[in-house]
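These notes concern the structure reproduced below.
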Amino acid sequence: MSEVSLRISGKEYTVACAPGEESHVAKLGQAIDAKVQSLGDGVNTSEVQKILFGALFLADELHELKKTSAAERETFIAEKASAENELRAAKVAIGQRDVMASKITDLESELEGLQSAHQKHSADVDNMRKELEERRTEAEDLQNAQQAAEAKAAELERERDNLVKQITSKDTLLENANRMIDETNAKLVASQDAADTKGVSMPIDPELAPALERFAELLETCADKLEAQAASS
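Position 38 of the sequence shown, counting from 1, maps to 47 under the working numbering, and the rest follow consecutively.
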């Protein structure tokens with residue numbers, strides 16, 4: 010143990026203390042002496058009472074200091090807790106901000122995808138409209154071609170009917186011509202027979218019969234050509 014001499018109110022006191030505490034104990038003695046000196050010289054106040062009152066005042070100040078320190082400590086703890094709460098809230102806010110930033114990025118990507126899909130859809134619609142217009146034009150062209158073909162077919166049918174009528178007329182004409190030839194030949198034969206019976210010589214044109222035959226052949230050729238033309242139509 011170490012000993013420290015303290016001078017309080019003009020008297021020396023020897024106090025034991027742990028090694029290394031000498032300076033601290035000396036400062037405490039100085040504080041007590043200063044407090045006792047502040048009490049002044051009372052007429053009925055003994056030295057012991059002065060020291061006692063000084064110790065009481067010092068103890069009261071220490072108590073107030075402890076109260077103040079406790080209040081400050083509680084305030085510090087509360088402020089620390091509040092700061093920690095704010096820090097946690099800030100971390101949560103930062104986390105939420107990061108989540109929101111990620112969501113915003115995802116939404117932007119989705120929006121870009123939708124815009125690309127919309128543009129592709131618009132292009133597809135335009136292509137479909139163009140193709141539809143082309144099909145309409147083709148349909149109109151086909152309809153016009155069909156109408157033209159129908160008109161041509163009607164015209165050809167009329168021509169065929171006319172040719173059939175002509176063929177029928179030629180056939181009738183040919184039949185009449187053949188009948189006339191036959192009648193002429195019959196008359197010629199009858200005339201020849203009558204002349205022979207009477208003993209009269211009747212001159213006959215040797216070119217008449219061949220001419221009539223050529224005329225009949227010509228009529229048949231015309232009829233064949235008309236029939237071939239009608240068939241090709």
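Every residue, glycine too, gets a C-beta built ideally from N, C-alpha and C.
Membership of Glu21 in the beta strand (DSSP E) is indicated by the continuous run Lys20 to Cys26.
Note that the C-beta distance between Leu67 and Ala40 is below 8 angstroms.
Boundaries of the alpha helix (DSSP H) around Glu31: Glu31 to Leu48.
Counting other Cβ atoms within 10 Å of its Cβ, Lys112 stays below 16 and is therefore classed as exposed.
DSSP lists Tyr22 as the bridge partner or partners of Leu15. Secondary structure at Met10: coil, using DSSP grouped into helix, strand and coil.
Here the alpha carbon of Leu172 sits roughly 30 angstroms from the alpha carbon of Leu151. Distance from the CA of Met10 to the CA of Ile60, rounded to the nearest whole angstrom, comes to 25 angstroms. In the assembly as shown, Ile176 is a buried residue. Its beta-carbon has 16 or more other beta-carbons within 10 Å. C-alpha of Ser18 to C-alpha of Ala64: approximately 13 angstroms in a straight line. Within the segment 131-207, no run of beta strand (DSSP E) at least 3 residues long lies entirely inside it. About 6 angstroms separates the CB atoms of Ser14 and Thr23; that is less than 8 angstroms, so the two are in contact. When the five nearest sequence neighbours on each side are left out, no beta carbon in the same chain lies closer than 7 angstroms to the beta carbon of Lys75. Pairing Glu12 with Ala27 gives a Cβ-Cβ distance that is not under 8 angstroms. A Cβ-Cβ contact shorter than 8 angstroms links Asp42 with Arg16.
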